[in-house]
Every structure is written in structure tokens, then in C-alpha cells.
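So the mapping is simple: the numbering used here equals the position in the sequence shown, first residue as 1, plus 3.
By construction, the Cβ of each residue, glycine as well, lies at the ideal position given by its N, Cα and C atoms.
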Amino acid sequence: MAMKKWEYATVPLLVHATKQILDTWGQDGWELVTVLPGPNPENLVAYFKRPLEEK
4 MAMKKWEYAT
14 VPLLVHATKQ
24 ILDTWGQDGW
34 ELVTVLPGPN
44 PENLVAYFKR
54 PLEEK
């Protein structure tokens with residue numbers, strides 16, 4: 004059995020639109036891994052992953 008391969012994305016989160024941004028990425032098949040502070044206190048960065056499509 005082959006090991007699953009992933010693709011990753013980092014996305015800046017706007018505090019006033021966090022749910023909308025997360026919902027949009029989730030609908031596209033991305034799974035939220037973590038959210039970390041960004042370069043300043045108002046910014047957050049979301050890290051997503053999803054299985055890589057086999058070709």
C-alpha cells in the first residue's frame with residue numbers, strides 16, 4: 004500500500020472573515036491543520052492540507 008501524499012497551503016486569515024475563509028477552503032477539500040499568529044497581532048495564518056490527487 005502506497006503512502007498517502009499531501010499538498011499544503013498557508014493562508015492569511017482576516018479576523019473579520021475567519022469563518023467564511025475557513026468554510027471556503029473546507030468546501031474545496033482542504034483540512035485545517037493549525038492556526039498560528041502572523042507577523043502582527045491582527046494577523047493569523049492558517050495551515051491546510053489535502054490529499055494529493057493521484058494521476
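Considering only Leu25, Gly32 and Gln30, the residue with the shortest C-alpha distance to Val38 is Leu25. The Cβ atoms of Lys8 and Leu47 do not sit closer than 8 Å to each other. Taking the Cα positions, Ala20 is about 38 Å away from Ala5. Residue pairing of Pro15 in beta bridges, as defined by DSSP: Val48. For Leu39, the enclosing beta strand (DSSP E) covers residues Glu34 to Pro40.
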